[in-house]
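Q: Numbering (UniProt numbering), first residue to last: 1 to 104.
This structure is in structure tokens; I'll ask about it shortly.
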């Protein structure tokens, strides 16, 4: 029982010493899961570049979606103009080229 208590206190002291050492040297820390030092600045840079890549992918996906919607709007405008002309009996044909997509 006394030996277990002594080991527990020694373990706590060792843990505290490791934490203090890691705090004192903010650049390199030992990662107990990988048994190798971890460079905090490099890890932060990797995380930043991963977030930037994710944002770039999301932006590209959004642009594709917007372009698809503009194409569908143009087709809908063509159909609406054609239907209106057919209903009115007008020979004039309209197309999506008449719609200024820069204002949409």
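Even glycine gets a Cβ: it sits at the ideal position worked out from N, Cα and C.
Going along the chain, which residues of its own chain have a beta-carbon closer than 6 Å to the beta-carbon of residue 42, five neighbours each way excluded?
A: Mapped onto the chain shown, residue 42 falls at position 42. Cβ neighbours of residue 42 beyond the five flanking positions: none.
Q: Work out the CA separation of residue 48 and residue 74 for me, nearest whole Å.
A: Residue numbering aside, residue 74 sits at position 74 when the chain shown is read from its first letter. Residue numbering aside, residue 48 sits at position 48 when the chain shown is read from its first letter. Their Cα atoms are separated by approximately 39 Å.
Q: Please report how far the alpha carbon of residue 88 lies from the alpha carbon of residue 58, in whole angstroms.
A: Locating residue 88 in the chain shown gives position 88, where the first residue counts as 1. Locating residue 58 in the chain shown gives position 58, where the first residue counts as 1. In a straight line, the C-alpha of residue 88 is about 45 Å away from that of residue 58.
Q: Taking the alpha helix (DSSP H) that residue 68 falls in, what are its first and last residues?
A: Start at 1 with the first residue of the chain shown, and residue 68 comes out as number 68. Segment 40 to 88, the alpha helix (DSSP H) holding residue 68.
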